[in-house]
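Take a look at the structure below.
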Amino acid sequence: MLTLINAKSSNCFYLPSIALNGGTYDEFNAPEIKQCCIACARDPCCIAYTFDEENHRCFMKSAISNSFKNTGMTSGLKAHHGLGAFLKNIKIHGGTASVKVNLPNNEDCMQYCT
Numbered sequence: 001m002l003t004l005i006n007a008k009s010s011n012c013f014y015l016p017s018i019a020l021n022g023g024t025y026d027e028f029n030a031p032e033i034k035q036c037c038i039a040c041a042r043d044p045c046c047i048a049y050t051f052d053e054e055n056h057r058c059f060m061k062s063a064i065s066n067s068f069k070n071t072g073m074t075s076g077l078k079a080h081h082g083l084g085a086f087l088k089n090i091k092i093h094g095g096t097a098s099v100k101v102n103l104p105n106n107e108d109c110m111q112y113c114t
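Read in UniProt numbering, the sequence shown has 100 at position 100, and its numbers run on one by one without any break.
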């Protein structure tokens, strides 16, 4: 089960205190994580992103090799307009959230994330 936080921005799902490794194809300065989410949603290459809260920097991801707990980072998954986020053989470690989502199958999970 993956624990997600539904952000104020529609279709942004954040993984607090999680950094995603690998697949960084672009990075840029941003005042808040919302800009990372918007940029990822607009870019077909993007599947996820990590926001460095201290340096206010977004790291756009086209692939993910693994993850690690880092209190200064928040990552996000692209909701992908009804197609969901399919991350095969990727484990997302660490993090906490106030909302847990238990759904019976992948199709319901993908629909929830749109």
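Even for Gly, the Cβ is constructed at its ideal location relative to N, Cα and C.
For residue i: DSSP bridge partner residues
i     : result
Ala48 : Lys61, Leu77
Coil, strand or helix - residue i by DSSP
i      : result
Ala27  : The question names Ala, yet the displayed sequence has Glu at residue 27. DSSP places Glu27 in strand when its eight states are reduced to three.
Asn70  : strand
Glu107 : helix
Leu4   : For Leu4, the predicted model reports a pLDDT of 47, less than 50, meaning its position is unreliable; a value from the coordinates is still stated below. Coil.
Delimiting residues of the beta strand (DSSP E) encompassing residue i
i     : result
Pro16 : 12-21
Residue-level contact to chain C via CB, residue i, 9 Å cutoff
i     : result
Pro31 : The chain labelled as chain C is not found in the depicted structure, where only one protein chain is given.
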